[in-house]
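Novice: Please see the structure below; I have some questions.
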Amino acid sequence: MDERKRNRLGSASLIGAVVGFLALELQPWLPLASIGVVGPLSLKGLLEAFFEASLAGAFADWFAVSALFKDPLGVRLPHTNILAKNKDAIAAAVPRFLTGFVSGEAIAAELGKFDFAAKAAEELSEGGSREDLHDFLGRRVAELLMAYGPGGDEARSAALERFVGRVLDFASERIDAPKELSSLLAWAKREGFDERAIEGAAEYARLEIGRNRSRLVAILTPIVKRNAGWKGLFINSGTIEGFVLGIEDELAELKADKGNDLRRFVLSSLSTYAARLEPRAAEGAVDRDKLVSSFRDALADSDFRAGFSRFARELASRLGEDLSGEAGGFIPTLRRLEDAVARRLREDEELRGRFNAAAASLISGVIERGRIVESVTEYLAGLLRATDERVFVDRIEESVWNDLQYIRLNGAVVGGFVGLVIALGKALL
Numbered sequence: 007m008d009e010r011k012r013n014r015l016g017s018a019s020l021i022g023a024v025v026g027f028l029a030l031e032l033q034p035w036l037p038l039a040s041i042g043v044v045g046p047l048s049l050k051g052l053l054e055a056f057f058e059a060s061l062a063g064a065f066a067d068w069f070a071v072s073a074l075f076k077d078p079l080g081v082r083l084p085h086t087n088i089l090a091k092n093k094d095a096i097a098a099a100v101p102r103f104l105t106g107f108v109s110g111e112a113i114a115a116e117l118g119k120f121d122f123a124a125k126a127a128e129e130l131s132e133g134g135s136r137e138d139l140h141d142f143l144g145r146r147v148a149e150l151l152m153a154y155g156p157g158g159d160e161a162r163s164a165a166l167e168r169f170v171g172r173v174l175d176f177a178s179e180r181i182d183a184p185k186e187l188s189s190l191l192a193w194a195k196r197e198g199f200d201e202r203a204i205e206g207a208a209e210y211a212r213l214e215i216g217r218n219r220s221r222l223v224a225i226l227t228p229i230v231k232r233n234a235g236w237k238g239l240f241i242n243s244g245t246i247e248g249f250v251l252g253i254e255d256e257l258a259e260l261k262a263d264k265g266n267d268l269r270r271f272v273l274s275s276l277s278t279y280a281a282r283l284e285p286r287a288a289e290g291a292v293d294r295d296k297l298v299s300s301f302r303d304a305l306a307d308s309d310f311r312a313g314f315s316r317f318a319r320e321l322a323s324r325l326g327e328d329l330s331g332e333a334g335g336f337i338p339t340l341r342r343l344e345d346a347v348a349r350r351l352r353e354d355e356e357l358r359g360r361f362n363a364a365a366a367s368l369i370s371g372v373i374e375r376g377r378i379v380e381s382v383t384e385y386l387a388g389l390l391r392a393t394d395e396r397v398f399v400d401r402i403e404e405s406v407w408n409d410l411q412y413i414r415l416n417g418a419v420v421g422g423f424v425g426l427v428i429a430l431g432k433a434l435l
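Using our numbering, you'd call the opening residue of the sequence shown number 7 and step up by one each time.
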């Protein structure tokens with residue numbers, strides 16, 4: 007603390023008590039002893055009682071306060087310089103003290119008061135931190151990802167292959183494929199993504215069929231004629247083209263009509279399959295076993311692993327090129343996604359509640375499982391133990407100096423009034 011900011015009320019109260027006592031005892035010009043107050047108690051006796059008690063209180067509180075930080079007047083007594091003598095004990099008590107207040111429940115309760123959704127929406131909107139993120143992606147991340155392309159760093163590619171292998175091993179050992187797929191399908195249905203996925207797939211298939219109609223007709227016509235037997239005599243390319251056009255119309259209807267029979271059949275089949283995959287569904291045991299076996303066999307297959315590694319390298323390289331190019335599509339798509347998420351976080355109260363609850367649970371869980379509070383308090387305790395005694399005491403004294411001066415002032419004032427009360431009481435009795 008800056009010396010200029012320290013108040014001197016404690017010292018002033020002690021000096022005031024000493025000056026008042028001496029002035030009262032040594033002054034010859036005022037006949038205070040002849041002025042009666044109550045019974046045999048004179049005005050001088052009343053003032054003497056006040057200043058004597060005030061002096062005793064001021065000295066006592068000066069000694070008590072000084073004994074916390076040093077040996078008063080340099081005299082070493084058993085219970086003085088308390089903070090320095092107990093520095094290690096205080097440091098050891100810090101973890102117990104703080105962890106007693108900062109429990110997992112307390113952290114979760116405090117985090118529950120914070121609006122994480124509003125903060126996330128703010129950061130995802132224009133003027134937030136997203137431009138910094140986009141710049142980082144377009145520079146640093148793009149440069150890193152492009153190293154996996156043709157002529158890239160072979161050592162880095164080999165490291166990626168090893169990483170992919172470890173990820174696949176972990177997935178094979180730890181992921182419960184039926185349970186996770188069931189949860190994913192249920193979540194997609196709850197959020198309406200299954201409807202949008204069917205619409206998107208139908209539209210994509212319709213567009214691709216339309217672009218490649220002639221080629222499809224040329225491929226399908228001989229196949230159908232060959233497998234239709236004698237009926238193939240009545241089939242020509244016009245028949246197949248009409249069939250393909252009919253498929254395009256059906257796909258357009260599948261996208262537009264929520265009551266379409268094929269659409270309802272697909273959605274119902276997905277819901278039924280998701281229910282059969284749940285652990286408690288006894289009739290789905292065979293489906294679950296098949297899915298687990300297929301999942302693990304696929305992840306263990308060497309060709310799949312090699313192909314997945316190549317796919318990861320190519321994906322990383324292409325993504326790096328997209329991020330680094332002026333006409334790349336990833337950043338604009340990301341910007342649209344950020345706008346949509348920010349808008350939903352601002353407008354959807356239910357989503358805001360779920361987001362805040364999930365964020366609070368995640369953070370409090372990380373803090374509790376990682377023993378972060380304990381680690382921080384242990385670090386603080388070690389820091390205190392390593393701090394020089396004099397520095398330790400001076401820091402505390404600087405922090406509480408002004409409040410302690412009010413204690414000393416109160417000691418002088420309260421002591422003086424107690425002296426008055428005792429003197430008046432004795433006179434009355």
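The beta-carbon is built from N, C-alpha and C at its ideal position, and this holds for glycine as well. These numbers were taken from a predicted model, which means no experiment stands behind them.
Does DSSP put Leu386 in a helix, in a strand, or in coil?
Specialist: Locating residue 386 in the sequence shown gives position 380, where the first residue counts as 1. Residue state, collapsed to three classes: helix.
Novice: Have a look at Trp68 and Ala429 and give me their C-alpha separation to the nearest angstrom.
Specialist: Taking the sequence shown and counting its residues from 1, the one referred to as residue 68 is at position 62. Taking the sequence shown and counting its residues from 1, the one referred to as residue 429 is at position 423. Those two C-alpha atoms are separated by around 24 Å.
Novice: How should Phe361 be labelled, buried or exposed, when 16 other C-beta atoms within 10 angstroms of its C-beta is the threshold for buried?
Specialist: Translated into positions along the sequence shown, residue 361 becomes position 355. Under this definition Phe361 is a buried residue.
Novice: Which residue's Cα is closest to the Cα of Ser299: Asn408, Ala183, Arg232, Leu52?
Specialist: By 1-based counting over the sequence shown, the position of residue 299 is 293. It is Ala183 whose Cα lies nearest to the Cα of Ser299.
Novice: Any chance you could list the alpha helix (DSSP H) runs of at least 4 consecutive residues sitting entirely within the segment 8-68, in chain order?
Specialist: The qualifying runs are 15-32.
Novice: Would you mind giving the Cβ-Cβ distance between Ser60 and Gly422, rounded to the nearest angstrom? I have them listed as a contact below 8 Å.
Specialist: Taking the sequence shown and counting its residues from 1, one reaches residue 60 at position 54. Taking the sequence shown and counting its residues from 1, one reaches residue 422 at position 416. Indeed, because the Cβ distance is near 3 Å, the residues count as touching under 8 Å.
Novice: Only counting runs of 3 or more residues, tell me where the beta strand (DSSP E) segments fall wholly within the segment 334-390, in order along the chain.
Specialist: As far as the segment 334-390 is concerned, it has no whole beta strand (DSSP E) run of at least 3 residues.
Novice: Spatial neighbours of Thr227 within its chain, please: CB distance less than 6 Å, with the 5 preceding and 5 following residues excluded, ordered by chain position.
Specialist: Translated into positions along the sequence shown, residue 227 becomes position 221. Excluding residues within five positions, the ones whose Cβ falls inside 6 Å are Ser243, Ile246.
Novice: From Ser274 to Arg358, what does the alpha carbon distance come to, in whole angstroms?
Specialist: Your numbering for residue 274 matches position 268 in the sequence shown. Your numbering for residue 358 matches position 352 in the sequence shown. One C-alpha to the other measures close to 30 Å.
Novice: Below 7 Å between beta carbons: does that hold for Ala280 and Ala192?
Specialist: In the sequence shown, residue 280 corresponds to position 274, counting from 1. In the sequence shown, residue 192 corresponds to position 186, counting from 1. Yes, the Cβ-Cβ distance between Ala280 and Ala192 is below 7 Å.
Novice: Is the separation between the beta-carbon of Leu260 and that of Arg269 shorter than 7 Å?
Specialist: Within the sequence shown, the letter at position 254 stands for residue 260. Within the sequence shown, the letter at position 263 stands for residue 269. In this structure, Arg269 lies closer than 7 Å to Leu260 by Cβ.
Novice: Between the segment 306-319 and the segment 151-168, do at least 3 Cβ pairs fall closer than 8 Å?
Specialist: Short answer: they touch.
Novice: So, does the segment 292-312 touch the segment 206-222, judging by three or more C-beta pairs under 8 Å?
Specialist: Judged by Cβ distances under 8 Å, the segment 292-312 makes no contact with the segment 206-222, as fewer than three pairs qualify.
Novice: Given a cut-off of 7 Å, decide if Glu395 and Lys50 are closer than it, judged by their beta-carbon atoms.
Specialist: Taking the first residue of the sequence shown as 1, we reach residue 50 at position 44. Taking the first residue of the sequence shown as 1, we reach residue 395 at position 389. It is not a contact, given that the beta carbons lie outside the stated cut-off.
Novice: Given this structure, state the Cα-to-Cα distance separating Lys426 from Val71, to the nearest angstrom.
Specialist: As a working note, residue 426 is residue 420 in the sequence shown. As a working note, residue 71 is residue 65 in the sequence shown. One detail in the question is off: residue 426 reads as Leu in this sequence, not Lys. C-alpha separation (whole angstroms): 25 Å.
Novice: Ignore the nearest five residues each way along the sequence and tell me which others in Ile113's own chain have a CB closer than 6 Å to its CB.
Specialist: By one-based count along the sequence shown, residue 113 stands at place 107. Answer for Ile113: Ser370, Ile373, listed in chain order.
Novice: Assign Ser308 to buried or exposed, taking buried as 16 or more other Cβ atoms, counted over all protein chains shown, within 10 Å of its Cβ.
Specialist: On the sequence shown, position 302 is the one that residue 308 refers to. Classification for Ser308: exposed.
Novice: With respect to the alpha helix (DSSP H) encompassing Pro84, which residues constitute its N-terminal and C-terminal limits?
Specialist: Counted from its first residue, the sequence shown places residue 84 at position 78. Where Pro84 is concerned, there is no enclosing alpha helix (DSSP H), given that its DSSP letter is neither H nor E.
Novice: Is the separation between the beta-carbon of Leu104 and that of Thr383 shorter than 7 Å?
Specialist: Working through the sequence shown from its first residue, we reach residue 104 at position 98. Working through the sequence shown from its first residue, we reach residue 383 at position 377. Contact flag set, yes.
Novice: For Gly417, does the count of other Cβ atoms within 10 angstroms reach 16, so buried, or fall short, so exposed?
Specialist: Against the sequence shown, residue 417 aligns to sequence position 411. The residue is buried, with at least 16 neighbouring Cβ atoms inside 10 Å.
Novice: Would you give the residue range spanned by the alpha helix (DSSP H) that Glu332 belongs to?
Specialist: Locating residue 332 in the sequence shown gives position 326, counting from the first residue. Counting along the chain, Glu332 falls outside any alpha helix (DSSP H), and DSSP gives it neither H nor E.
Novice: Closer than 7 Å by C-beta to Val399: which residues in its own chain qualify, once you throw out the five before and the five after it? Chain order, please.
Specialist: Stepping through the sequence shown from its first residue, residue 399 is reached at position 393. Hits under 7 Å: Phe75, Leu89, Ala90.
Novice: Within the same chain, show all residues whose beta-carbon is closer than 6 Å to that of Gly334, passing over the 5 residues directly before and after it, in chain order.
Specialist: Looking up residue 334 in the sequence shown gives position 328. Answer for Gly334: Asp328, listed in chain order.
Novice: Contact defined as beta carbons within less than 8 Å: I believe Glu254 pairs with Gly216. What is the distance between those atoms, to the nearest angstrom?
Specialist: Mapped onto the sequence shown, residue 254 falls at position 248. Mapped onto the sequence shown, residue 216 falls at position 210. Indeed, because the Cβ distance is near 6 Å, the residues count as touching under 8 Å.
Novice: Are there 16 or more other CB atoms within 10 angstroms of the CB of Arg294, so buried, or fewer, so exposed?
Specialist: The sequence position of residue 294 within the sequence shown is 288, counting from 1. Arg294 comes out buried.
Novice: Does DSSP put Thr245 in a helix, in a strand, or in coil?
Specialist: Residue mapping note: residue 245 aligns to position 239 of the sequence shown, counting from 1. The answer is helix: DSSP assigns Thr245 an H, G or I state.
Novice: Can you look up Arg136 in the DSSP assignment and give me helix, strand or coil?
Specialist: As a first step, residue 136 is located in the sequence shown; it is residue number 130 there, counting from the start. In the structure shown, Arg136 sits in a helix (DSSP, three-state: H, G or I).
Novice: Can you give me the Cβ contacts of Lys125 inside the same chain, cut-off strictly under 8 Å, excluding the 5 residues immediately before and after it?
Specialist: In the sequence shown, the residue the question calls residue 125 occupies position 119. Around Lys125: no qualifying Cβ.
Novice: Mark Thr278 as exposed unless 16 or more other C-beta atoms lie within 10 angstroms of its C-beta, in which case mark it buried.
Specialist: Along the sequence shown, read from residue 1 onward, the residue named residue 278 stands at position 272. Per the 10 Å Cβ criterion, exposed.
Novice: Beta-carbon separation of Glu344 and Leu130 under 7 Å?
Specialist: Here residue 344 is taken as the residue at index 338 of the sequence shown, counted from 1. Here residue 130 is taken as the residue at index 124 of the sequence shown, counted from 1. Contact flag set, yes.
Novice: I believe Met438 touches Ser323 by the beta-carbon criterion, under 8 Å. Please report the beta-carbon distance rounded to the nearest angstrom.
Specialist: Residue 438 is absent from the model: the chain starts at 7 and stops at 435.
Novice: Within 10 angstroms of its Cβ, does Asp263 collect 16 or more other Cβ (buried), or is it exposed?
Specialist: Stepping through the sequence shown from its first residue, residue 263 is reached at position 257. Asp263 comes out exposed.
Novice: Ala64 and Ala23 - do their beta-carbons sit closer together than 7 Å?
Specialist: Here residue 23 refers to the residue found at position 17 when the sequence shown is read from its first residue. Here residue 64 refers to the residue found at position 58 when the sequence shown is read from its first residue. Yes; because the gap between Cβ atoms is below 7 Å, this pair is in contact.
Novice: With a threshold of 7 Å on Cβ separation, who are the neighbours of Asp200 within its own chain once the five nearest residues in sequence on each side are excluded?
Specialist: Reading the sequence shown from its first residue, position 194 is the one you call residue 200. The answer, listed in chain order, is Ala194, Leu273, Leu276.
Novice: Buried or exposed: Arg180, going by 16 or more other Cβ atoms within 10 Å of its Cβ?
Specialist: Residue mapping note: residue 180 aligns to position 174 of the sequence shown, counting from 1. By the 10 Å Cβ count, Arg180 comes out exposed.
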